[in-house]
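Data block below; observations after.
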Amino acid sequence: MREIRGDARTVKELLKGRKYSIDYYQREYKWGRKQIQELINDLTSKFLDDYDEEHQRDQVSDYGHYFLGPIIISYKDNMDYLVDGQQRLTSLTLLLIHLRNLQKERSDLVNIDELIFSEKFGKKTFNMHVPERLSCMEALFDGHSFDENGEPESVRNIITRYQDIVELLPEEVTNKALPYFIDWLTENVHLVEITAYSDEDAYS
1 MREIRGDART VKELLKGRKY SIDYYQREYK WGRKQIQELI NDLTSKFLDD YDEEHQRDQV
61 SDYGHYFLGP IIISYKDNMD YLVDGQQRLT SLTLLLIHLR NLQKERSDLV NIDELIFSEK
121 FGKKTFNMHV PERLSCMEAL FDGHSFDENG EPESVRNIIT RYQDIVELLP EEVTNKALPY
181 FIDWLTENVH LVEITAYSDE DAYS
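Position 88 of the sequence shown, counting from 1, maps to 88 under UniProt numbering, and the rest follow consecutively.
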């Protein structure tokens with residue numbers, strides 16, 4: 001058995017400039033509205049415990065931290081494969097896309113593009129490399145409608161959960177507090193990244 005490492009990572013550290021592959025049999029996105037609502041409630045209530053509209057943005061660094069649990073990565077063939085945690089990372093990515101879209105007309109924009117995708121030779125690659133999701137994720141990112149007809153259930157579920165996020169994210173974090181909430185989410189929310197160097201270790 002090779003080394004298994006566990007490291008606490010912020011959302012920014014987990015997503016910025018990184019790309020995760022997912023084995024075909026694990027690609028289904030299954031979260032329902034209940035799980036999205038719990039995630040939104042947990043994150044926003046923790047943030048609002050500390051937020052004060054009189055604060056400066058740099059005071060967000062003193063806000064409480066929040067732990068979202070572990071994810072398990074299997075490193076093989078020079079790629080990071082997401083073994084456990086793709087439901088949470090997919091949901092966080094959908095939340096980040098919505099937060100990005102909310103900022104489009106604002107002057108106090110927080111650039112979170114690199115947490116959502118990377119670009120090479122003009123081609124976007126999202127943080128989770130799942131080819132059948134590409135068109136759907138591009139449409140959400142660009143704020144366009146997407147025709148779900150004929151799409152896999154997982155893709156249709158991504159669209160529905162994104163709509164849930166749009167509906168459920170409270171106004172308290174989408175007005176003046178928006179850049180503060182984005183800073184807090186990316187810098188003060190943590191997951192533990194557990195890296196295994198073989199499938200045998202990852203699934204044991």
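Backbone N, C-alpha and C define an ideal beta-carbon position, used for all residues, glycine too.
Below 7 Å between beta carbons: does that hold for residue i and residue j?
i, j, result
"T195", "I22", "no"
"I112", "L94", "no"
"L39", "N127", "no"
"I158", "Y29", "yes"
"F67", "W184", "no"
"N175", "G143", "no"
"D77", "E193", "no"
"K162", "L134", "Position check: residue 162 holds Tyr in this sequence, whereas Lys was assumed. Going by C-beta atoms, Y162 is not nearer than 7 Å to L134."
"V173", "T44", "yes"
"Y75", "Y197", "yes"
"A177", "Y51", "yes"
"V11", "T160", "no"
Where do the N-terminal and C-terminal ends of the alpha helix (DSSP H) with residue i fall, by residue?
i, result
"V166", "153-168"
"D50", "33-50"
"D146", "Rather than Asp, the amino acid found at residue 146 in this sequence is Phe. F146 -> no alpha helix (DSSP H), and no H or E assigned at all."
"H98", "86-102"
"D62", "Note, D62: premise wrong, no alpha helix (DSSP H); not H, not E."
"D113", "113-116"
"D77", "Note, D77: premise wrong, no alpha helix (DSSP H); not H, not E."
"V189", "Careful: V189 lies outside any alpha helix (DSSP H), inside the beta strand (DSSP E) at 189-196."
Could you tell me how far apart the beta carbons of residue i and residue j are, in whole angstroms, since I believe they sit closer than 8 Å?
i, j, result
"L191", "G69", "6 Å"
"H98", "I165", "5 Å"
Might you give, ordered along the chain, the residues of its own chain that have their beta carbon closer than 6 Å to the beta carbon of residue i, omitting 5 neighbours on each side?
i, result
"V110", "P179, I182"
"L82", "Y20, I22"
"Q103", "L109"
"Q86", "I22"
Quick one: does residue i have its CB under 7 Å from some CB of chain B?
i, result
"R88", "Looking for chain B here will not work: only one protein chain is present."
From residue i to residue j, what does the alpha carbon distance come to, in whole angstroms?
i, j, result
"K124", "L115", "12 Å"
"P152", "S91", "17 Å"
"V155", "D42", "25 Å"
"E167", "K34", "13 Å"
"S61", "P170", "22 Å"
"E138", "E105", "20 Å"
"H55", "G150", "48 Å"
"S107", "G17", "24 Å"
"G25", "E53", "For the sequence presented, residue 25 should be read as Tyr rather than Gly. Y25 and E53: Cα-Cα distance of roughly 46 Å."
"S145", "C136", "9 Å"
Quick one: residues in its chain with C-beta nearer than 7 Å to the C-beta of residue i, no 5 flanking neighbours on either side, listed in chain order?
i, result
"V130", "I22, R27"
"R57", "P179, Y180, D183"
"M79", "S21"
Let's see if you can read the secondary structure: which residues bound the beta strand (DSSP E) around residue i?
i, result
"K176", "Element bounds for K176: n/a, residue is neither H nor E."
So does residue i have its beta carbon nearer than 6 Å to some heavy atom of the ligand SAM?
i, result
"Q86", "Among the ligands in the structure shown, none appear at all, so the ligand SAM cannot be discussed."
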